[in-house]
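Chemist: Got a structure for you, questions after.
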Amino acid sequence: MDYRTDCNVSKMCMFKPRGCNPNLDCTLGVVLETIGPNKLKVQMVAQTIIPPVQQQYVAIAFSHDTIMGDDSVTECVLSDMGQLVGYEPEVFLSYNKGKSNDRVFMNDDEHAIVFTDLRGEVVDGRVACEFVEQIVPQIDNKNGLIWNLNKDYYLMAATGSAQPDEVNAHEMNHESHFFPMTSTSQFNPSTFANNFTHPANFVPKIDISNRAEKRPLRPTTPPTATVVGTHSVSIDHTSELARFRSNDMASQVGAITSVNALISRVFVQPKGDLTDRLNSRITVCILAVSSVLMMSTHFFGDPITCWTPAQFTKQWVDFVNQYCYVHGTYFAPFTEQLSFEDDERKKATIQYYQWVPYILAVQAVFFYLPRFMWKSMIAYSGYDLAGAVKYVDRFWNSIRDQDAAFKTRLARFEGQAAVYIWEGLRLARMKRSRDMALFYTLATVIQFINAWIQFYIINSLLDSPTYTFWGPGLLSDILQGNDWQTTGHFPRVVHCDFNRRRTASVQLDTVLCVLTYNIYYEKLLLFLWFWFAVVAIWSTINSMAWIYRLCSTVKTQKMIENYLGTAPVKAPVSDEVFFRALGTDGMFVMQQMALNLGDIPASYLTIAMRNICPSYLDTDDDYDENTPLTIVKTVRNT
1 MDYRTDCNVS
11 KMCMFKPRGC
21 NPNLDCTLGV
31 VLETIGPNKL
41 KVQMVAQTII
51 PPVQQQYVAI
61 AFSHDTIMGD
71 DSVTECVLSD
81 MGQLVGYEPE
91 VFLSYNKGKS
101 NDRVFMNDDE
111 HAIVFTDLRG
121 EVVDGRVACE
131 FVEQIVPQID
141 NKNGLIWNLN
151 KDYYLMAATG
161 SAQPDEVNAH
171 EMNHESHFFP
181 MTSTSQFNPS
191 TFANNFTHPA
201 NFVPKIDISN
211 RAEKRPLRPT
221 TPPTATVVGT
231 HSVSIDHTSE
241 LARFRSNDMA
251 SQVGAITSVN
261 ALISRVFVQP
271 KGDLTDRLNS
281 RITVCILAVS
291 SVLMMSTHFF
301 GDPITCWTPA
311 QFTKQWVDFV
321 NQYCYVHGTY
331 FAPFTEQLSF
341 EDDERKKATI
351 QYYQWVPYIL
361 AVQAVFFYLP
371 RFMWKSMIAY
381 SGYDLAGAVK
391 YVDRFWNSIR
401 DQDAAFKTRL
411 ARFEGQAAVY
421 IWEGLRLARM
431 KRSRDMALFY
441 TLATVIQFIN
451 AWIQFYIINS
461 LLDSPTYTFW
471 GPGLLSDILQ
481 GNDWQTTGHF
491 PRVVHCDFNR
501 RRTASVQLDT
511 VLCVLTYNIY
521 YEKLLLFLWF
531 WFAVVAIWST
541 INSMAWIYRL
551 CSTVKTQKMI
561 ENYLGTAPVK
571 APVSDEVFFR
581 ALGTDGMFVM
591 QQMALNLGDI
601 PASYLTIAMR
611 NICPSYLDTD
621 DDYDENTPLT
631 IVKTVRNT
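The UniProt record's numbering puts the first residue of the sequence shown at 1, with every later residue one more than the last.
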């Protein structure tokens with residue numbers, strides 16, 4: 001659905017920033033249309049805020065002045081993870097009385113009269129809500145708290161956290177695209193209609209310059225709290241306790257959504273560089289598939305078959321097979337005399353074949369562990385790196401086939417993608433985003449240490465008396481034609497001793513057993529030996545490279561300078577100023593963009609971010625990397 005169809009013709013539309021696509025990159029959008037007698041269709045869309053919250057609202061307020069306050073508010077509340085467990089979108093009427101906000105109590109019947117056809121969802125980082133509201137509510141006006149919308153009003157739109165204990169109900173920075181927008185002229189919401197009784201040529205003047213006098217639509221402090229400041233409010237919840245249609249369900253879902261929101265941020269992260277994919281994706285897949293296949297044959301096949309005397313019954317044969325599988329076997333060449341000494345026989349004991357599937361499964365977990373730790377740390381840092389990469393990727397896919405002109409694409413990046421990255425960095429710097437590069441480097445160190453540990457385990461699995469590193473030795477034996485009967489490595493035929501009780505004595509029996517799966521173990525473990533060696537060496541080199549990048553930004557700056565070299569016009573700031581503005585976290589984000597998306601979109605993004613860099617710097621003061629960036633200019637729009 002294209003929200004922009006018939007905008008300001010038969011619909012009233014407000015989108016922010018200007019020129020944005022509400023289906024893709026608008027941070028906030030509202031569409032109003034009269035669709036029938038006393039029916040106002042309301043469509044609202046917003047980006048999910050950063051960092052994510054349990055519940056997010058999108059709201060419009062109708063006011064008699066541009067100051068806002070003493071306003072009628074219609075808000076839609078949605079939950080990203082809550083919708084997975086049945087939490088449905090909700091719509092409410094509330095009233096801004098001075099600096100406080102109270103929901104208007106309506107029973108279920110009254111609510112069903114005022115609101116119909118409610119739909120909403122949170123998908124791909126976007127909140128969308130749609131419903132039909134009565135223009136002239138056919139219920140009691142609740143002492144003037146419910147308004148007749150068939151009048152001229154100023155309009156305000158906002159989005160933010162719907163949690164009642166949030167300190168900031170919406171973005172407080174006036175230059176942020178997440179800050180509420182308002183109209184600079186009054187208009188009648190019912191004016192806009194498609195083939196209806198109202199004129200369709202009235203176009204209100206919309207202002208998205210972020211006035212300083214706007215107030216939050218939602219409560220911004222806990223009950224009975226008092227906060228000093230222009231945009232802070234206090235809230236009394238007594239009027240809304242009787243009317244929260246799904247309050248019970250919301251309270252039950254609240255704990256779930258808070259945990260699920262963190263889990264979703266942990267598991268949905270960028271794919272990373274080649275070394276990371278070798279460790280956490282390719283190696284994990286190889287080990288997991290091998291483990292499952294081998295384990296299934298152990299449970300549903302015959303991992304060992306022993307040659308028993310003819311007088312053994314079937315029960316005895318089954319017992320011997322199970323005993324030798326569990327107890328272990330030993331290898332003795334047929335060219336040598338079988339020793340009668342028990343200690344001599346135990347020197348060549350073979351017990352790895354029972355444990356190979358389980359060892360591979362555990363190794364798969366350990367190879368994924370550094371990746372999981374990195375995801376947890378990046379989620380803790382406060383910067384939604386996965387969301388940023390996904391946003392730029394989606395944005396790039398939407399424009400690359402539309403217009404191949406460099407300047408056109410660059411202008412789109414300057415107005416949207418670059419703003420998104422700068423805004424995310426600015427907000428995340430209030431937490432621990434500056435540690436992102438450190439977290440990633442720490443993850444690479446853990447990665448290479450783990451790779452060497454797993455290599456040691458796979459090398460120790462076959463306790464070869466001949467070779468310290470059995471991989472090359474075994475490969476050499478195979479190439480020279482020295483099979484298992486000579487070397488004893490992965491023998492197919494082994495011996496097994498078991499005691500059989502007689503009436504007056506205990507008899508030791510020795511049987512021959514066939515380990516069929518050693519045919520496969522030989523090839524699999526030989527491959528894994530060399531694979532682990534390559535992964536461990538590669539991970540070590542990669543970790544050293546990231547340690548160098550952490551200690552010195554020369555290489556990263558060189559990469560960014562190469563991207564900036566394709567800029568068609570003179571830069572508004574020097575490279576040095578741009579690098580200082582980016583900081584270690586910003587340069588790390590640019591590295592991740594290049595690793596995950598490729599050089600072309602990374603080049604556009606880098607140039608665009610430098611072009612709008614002056615809008616994110618206070619040129620009167622020296623830039624301090626240990627303080628959040630301050631926006632002092634309005635970002636230009638396309």
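Quick reminder that beta carbons are idealized off the backbone N, C-alpha and C, glycines included.
Excluding the 5 residues preceding and the 5 following L360 in the sequence, name in chain order all residues of the same chain whose CB lies nearer than 6 Å to its CB.
Modeler: Walking along the sequence shown from the start, residue 360 turns up at place 360. So the list reads L287, S290 and S291, once near-sequence residues are dropped.
Chemist: Hey, how far is the Cα of I49 from the Cα of T553?
Modeler: If you number the sequence shown from 1, residue 49 lands on position 49. If you number the sequence shown from 1, residue 553 lands on position 553. Near 31 Å, if we compare the C-alpha coordinates of T553 and I49.
Chemist: In the DSSP assignment, what are the bridge partners of N499?
Modeler: In the sequence shown, counting from the first residue as 1, residue 499 sits at position 499. For N499, which the question treats as bridged, DSSP gives the partners L508.
Chemist: In terms of DSSP beta bridges, what is W147 paired with?
Modeler: To locate residue 147, count along the sequence shown from 1; it is residue 147. Answer is none; W147 lacks a bridge partner.
Chemist: Quick check: is the beta carbon of E336 nearer than 7 Å to any beta carbon in chain D?
Modeler: This model lacks chain D altogether, as it is built from one protein chain only.
Chemist: I'd like to know whether the C-beta atoms of S381 and M436 end up nearer to each other than 7 Å.
Modeler: Position 381 of the sequence shown holds residue 381. Position 436 of the sequence shown holds residue 436. Yes, these two residues count as a Cβ contact at 7 Å.
Chemist: Output the distance between the C-alpha atoms of N499 and I478, rounded to the nearest integer angstrom.
Modeler: Numbered from its first residue, the sequence shown carries residue 499 at position 499. Numbered from its first residue, the sequence shown carries residue 478 at position 478. So the two alpha carbons sit approximately 36 Å from each other.
Chemist: At which residues does the alpha helix (DSSP H) containing S291 begin and terminate?
Modeler: Position 291 of the sequence shown holds residue 291. Segment V284 to F300, the alpha helix (DSSP H) holding S291.
Chemist: Which value, in whole angstroms, describes the spacing of the CA atoms of T349 and P370?
Modeler: By 1-based counting over the sequence shown, the position of residue 349 is 349. By 1-based counting over the sequence shown, the position of residue 370 is 370. In a straight line, the C-alpha of T349 is about 35 Å away from that of P370.
Chemist: Mind checking whether A158 and Q56 have CB atoms under 7 Å apart?
Modeler: Here residue 158 refers to the residue found at position 158 of the sequence shown. Here residue 56 refers to the residue found at position 56 of the sequence shown. Contact flag unset, no.
Chemist: Can you check which of these residues, T566, Y520 and C76, is closest to V30 by C-alpha distance?
Modeler: The count along the sequence shown starts at 1 and reaches residue 30 at position 30. Nearest option by C-alpha distance: C76.
Chemist: Which runs of the beta strand (DSSP E), 3 residues or longer, sit entirely within the segment 50–131?
Modeler: Whole beta strand (DSSP E) segments, 3+ residues: 56–63, 71–78, 90–97, 100–103 and 115–123.
Chemist: In this structure, does DSSP put W355 in helix, strand or coil?
Modeler: The count along the sequence shown starts at 1 and reaches residue 355 at position 355. W355: coil per DSSP, three-state reduction.
Chemist: In the structure shown, what three-state DSSP assignment does E423 receive?
Modeler: Indexing the sequence shown from 1 puts residue 423 at position 423. The answer is helix: DSSP assigns E423 an H, G or I state.
Chemist: Look up L24 in the DSSP assignment and say whether it is helix, strand or coil.
Modeler: The residue labelled residue 24 in the question sits at position 24 within the sequence shown. Residue state, collapsed to three classes: coil.
Chemist: For N148, collect the residues of the same chain with a Cβ closer than 7 Å to its Cβ; drop the 5 residues on either side in sequence, then sort them by chain order.
Modeler: In the sequence shown, counting from the first residue as 1, residue 148 sits at position 148. Answer for N148: V136, listed in chain order.
Chemist: Does the beta-carbon of K11 have 16 or more other beta-carbons within 10 angstroms, so that it is buried, or is it exposed?
Modeler: The count along the sequence shown starts at 1 and reaches residue 11 at position 11. K11 should be labelled buried.
Chemist: Going along the chain, which residues of its own chain have a beta-carbon closer than 7 Å to the beta-carbon of A567, five neighbours each way excluded?
Modeler: Position 567 of the sequence shown, counting from 1, holds the residue named residue 567. Answer for A567: I607, listed in chain order.
Chemist: Helix, strand or coil for H133 per DSSP?
Modeler: Along the sequence shown, one-based indexing puts residue 133 at 133. The sequence shown places Glu at residue 133, not His. The answer is strand: DSSP assigns E133 an E or B state.
Chemist: Where does the unbroken beta strand (DSSP E) through residue 641 begin, and where does it stop?
Modeler: Residue 641 is absent from the structure shown; the chain starts at 1 and stops at 638.
Chemist: Comparing alpha-carbon positions, which option in L274, A418, G586 and L597 lies nearest T444?
Modeler: By one-based count along the sequence shown, residue 444 stands at place 444. The shortest Cα separation from T444 among L274, A418, G586 and L597 belongs to L274.
Chemist: I'd like the list of long-range same chain contacts for S280, defined as Cβ closer than 6 Å, with 5 residues on each side in sequence excluded.
Modeler: Position 280 of the sequence shown, counted from the first residue, corresponds to residue 280. Cβ within range, chain order: Y368 and R371.
Chemist: Nearest-angstrom Cα distance between residue 691 and T408?
Modeler: Outside the modelled stretch of the chain, which goes from 1 to 638, sits residue 691, for which no answer is possible.
Chemist: Restricting to Cα atoms, I'd like to know which of F62, F406 and S94 is closest to Y153.
Modeler: Position 153 of the sequence shown, counting from 1, holds the residue named residue 153. The shortest Cα separation from Y153 among F62, F406 and S94 belongs to F62.
Chemist: Of all the options S574, I560 and Q186, which has the alpha carbon lying nearest to the alpha carbon of F588?
Modeler: For the purposes of this step, residue 588 is identified with residue 588 of the sequence shown, where counting begins at 1. That would be I560, whose Cα lies nearest to the Cα of F588.
Chemist: Let me make sure I understand the geometry here. Which of D384, S94 and K151 has the alpha-carbon closest to that of R426?
Modeler: Within the sequence shown, numbered from 1, the residue matching residue 426 stands at position 426. Among D384, S94 and K151, the Cα nearest to that of R426 belongs to D384.
Chemist: Flag this pair as touching only if the segment 404–420 and the segment 592–600 have three or more C-beta atom pairs under 8 Å; answer yes or no.
Modeler: Too few Cβ pairs lie closer than 8 Å, so no.
Chemist: According to DSSP, simplified to helix, strand and coil, what is S183?
Modeler: Numbered from its first residue, the sequence shown carries residue 183 at position 183. If DSSP states are grouped into helix, strand and coil, S183 belongs with the strands.
Chemist: Taking the beta carbon of R119 as the centre, do at least 16 other beta carbons fall within 10 Å, making it buried, or is it exposed?
Modeler: Start at 1 with the first residue of the sequence shown, and residue 119 comes out as number 119. Under this definition R119 is an exposed residue.
Chemist: F439 to C26, Cα distance in whole Å?
Modeler: Position 439 of the sequence shown holds residue 439. Position 26 of the sequence shown holds residue 26. Their Cα atoms are separated by approximately 31 Å.
Chemist: Which residues in the same chain as A128 place their Cβ atom closer than 7 Å to its Cβ, once the five residues preceding and following it in sequence are excluded?
Modeler: In the sequence shown, the residue the question calls residue 128 occupies position 128. If we look at A128 and ignore the five residues flanking it on each side, its Cβ neighbours are V45, G120 and E121.
Chemist: Under 8 Å by Cβ, that's how I've got N518 and Y353 pegged, so tell me the actual separation to the nearest angstrom.
Modeler: Here residue 518 is taken as the residue at index 518 of the sequence shown, counted from 1. Here residue 353 is taken as the residue at index 353 of the sequence shown, counted from 1. Confirmed, Cβ separation roughly 7 Å.
Chemist: Take the Cβ of R18 as the centre, count every other Cβ of all protein chains shown within 10 Å, and call the residue buried at 16 or more, exposed below.
Modeler: Reading the sequence shown from its first residue, position 18 is the one you call residue 18. With fewer than 16 Cβ atoms within 10 Å of its Cβ, R18 is classed as exposed.
Chemist: How would you call E414, buried or exposed, if buried means at least 16 neighbouring beta carbons within 10 angstroms?
Modeler: The count along the sequence shown starts at 1 and reaches residue 414 at position 414. Buried, by the Cβ-count rule.
Chemist: In chain order, what residues of the same chain have a beta carbon less than 7 Å from the beta carbon of residue 706, not counting five sequence neighbours either side?
Modeler: The structure shown does not extend to residue 706, since the chain is modelled only from 1 to 638, so the question has no answer here.
Chemist: For T584, which beta-bridge partners are listed by DSSP?
Modeler: Here residue 584 is taken as the residue at index 584 of the sequence shown, counted from 1. DSSP output for T584 lists no bridge partner at all.
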